[in-house]
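Novice: In UniProt numbering, the protein residues as written are 1 to 250.
Don't be surprised by glycine CBs; every beta carbon is placed ideally from N, CA and C.
Treat the numbers as computed from the prediction; the structure is a model and nothing was measured.
#1: Which residues in the same chain have their Cβ closer than 8 Å to the Cβ of residue 181, if we skip the five residues on either side of it in sequence?
#2: Based on DSSP bridge pairs, tell me the residues matched to residue 232.
#3: May I ask you to report which of helix, strand or coil DSSP gives residue 68?
#4: Does the beta-carbon of residue 185 have 16 or more other beta-carbons within 10 angstroms, so that it is buried, or is it exposed?
#5: Just to confirm before moving on: does the CB-CB distance between residue 158 and residue 223 stay below 8 Å?
#6: Measuring only the C-alpha atoms, how far is residue 235 from residue 125?
#7: Is it right to say residue 219 is buried, meaning 16 or more other beta carbons lie within 10 angstroms of its own, or is it exposed?
#8: Give the C-beta separation of residue 118 and residue 214 to the nearest angstrom, bearing in mind that I take them to be a contact with Cβ-Cβ under 8 Å.
#9: If you compare alpha carbons, which of 217, 195, 56 and 221 is closest to residue 210?
#10: Applying the criterion that 16 or more other CB atoms from any shown protein chain within 10 Å of the CB defines a buried residue, is residue 206 buried or exposed?
#11: Could you pull the start and end residues of the beta strand (DSSP E) that residue 141 belongs to?
#12: Specify the secondary structure class of residue 240 as computed by DSSP and reduced to three states.
#13: Return the residue from the list 57, 212, 193 and 191 that minimises the CA-CA distance to residue 166.
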């Protein structure tokens with residue numbers, strides 16, 4: 001069998017030309033490449049626009065919600081301001097009432113403090129007192145002190161202005177009256193509390209003194225009385241005295 005061989009002889013310049021031709025044929029056309037790039041760019045732009053729109057929608061929703069909250073807060077603040085104004089007016093009213101009450105309290109405290117200042121001391125006027133045919137209340141008209149004004153120098157009676165514990169003291173004296181006994185009775189209201197005196201003749205001058213601590217209610221009275229046919233004597237030396245003071249209230 002006889003084979004025929006066909007050989008192509010290609011020069012180097014021909015190879016280069018063919019390579020260039022093949023490369024040219026394989027390369028895409030410029031218009032297609034640009035169109036692809038534009039499509040890709042358009043898709044990217046659309047995606048970005050979509051994201052921007054979604055972001056804008058989210059921001060618009062957030063702004064709308066914030067606006068609603070601000071409107072609610074403004075209404076709430078307005079209500080709170082009105083309530084605060086009402087509370088302010090009430091506070092001013094309470095302050096005025098308290099100021100009046102405070103003045104009243106101060107006045108009451110002042111009055112009470114003045115009423116708690118209780119102390120007196122008084123003596124008989126010079127000369128002889130008695131004897132009388134009946135028991136007589138002694139009037140100590142020579143006032144030494146009368147703080148609080150609870151002692152009456154016209155009646156000889158002390159009236160307790162406050163409830164409390166009081167100290168009551170008295171002295172009695174006579175001079176050159178041996179023909180008569182000397183002594184006094186101490187009374188609380190109508191209750192005879194104490195008697196002190198001398199009966200026998202024992203010289204020119206006789207003196208006695210006594211004291212009690214008493215629980216007194218408001219309005220209770222304390223006074224001294226000269227017994228029937230008894231006599232006292234005084235001069236400028238305050239031999240006969242009636243005194244008392246508030247120890248403490250209760």
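Specialist: Quick answer:
#1: 197, 198, 199, 227, 229, 230 and 231
#2: In the DSSP output, where bridge partners are listed per residue, residue 232 has 129.
#3: helix
#4: Under this definition residue 185 is a buried residue.
#5: yes
#6: 7 Å
#7: exposed
#8: Incorrect: roughly 13 Å between the Cβ atoms, too far for contact.
#9: 195
#10: buried
#11: Segment: none, residue 141 is in no beta strand (DSSP E) and carries neither H nor E.
#12: coil
#13: Of the candidates 57, 212, 193 and 191, the one whose C-alpha sits nearest the C-alpha of residue 166 is 212.
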